[in-house]
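Counting with numbering that gives the first Met the number 0, you get residues 0 to 68 for the letters of the sequence shown. Think of the CB as a built atom: it goes at the ideal place given N, C-alpha and C, for glycine as much as any other residue. The structure appears right after this line, and notes come after that.
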Amino acid sequence: MTQGNVGDRVIVESERTGRSAREGEIIEVLATGELTHFRVRWNDGHESTVFPGPGTISIIPKGTRVGLP
Numbered sequence: 000m001t002q003g004n005v006g007d008r009v010i011v012e013s014e015r016t017g018r019s020a021r022e023g024e025i026i027e028v029l030a031t032g033e034l035t036h037f038r039v040r041w042n043d044g045h046e047s048t049v050f051p052g053p054g055t056i057s058i059i060p061k062g063t064r065v066g067l068p
């Protein structure tokens with residue numbers, strides 16, 4: 000089960016060779032539990048509903064620094 004909160008960052012790796020990962024921000028938690036899903040605003044400005052499966056998405060908690068300082 001994937002946990003996430005509003006403001007957390009999400010990274011979804013591409014299943015296609017040569018395509019980069021998609022990154023976005025959780026803007027709404029629509030449901031939790033077995034049918035967890037989120038409304039995500041992607042870095043390109045588009046929004047979509049994401050139903051994360053095991054191992055398909057990385058969630059970085061709000062306020063966590065990623066990368067080099």
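Item	Value
Residues of its chain near Thr63, where Cβ-Cβ distance is below 7 angstroms and the 5 sequence neighbours each way are ignored	none
Extent of the continuous beta strand (DSSP E) run through His36	36–41
Straight-line Cα distance separating Ala20 from Asn42	11 angstroms
Neighbourhood of Glu27 by C-beta, 7 angstroms cutoff - its chain only, sequence neighbours within 5 removed	Val5, Phe37, Arg38
Same chain, Cβ closer than 8 angstroms to Phe50, neighbours up to 5 away in sequence not counted	Leu34, Thr35, His36
Whole-angstrom distance between Gly32 and Thr1, CA atom to CA atom	9 angstroms
Buried or exposed (CB count within 10 angstroms, at least 16 for buried), Gly3	buried
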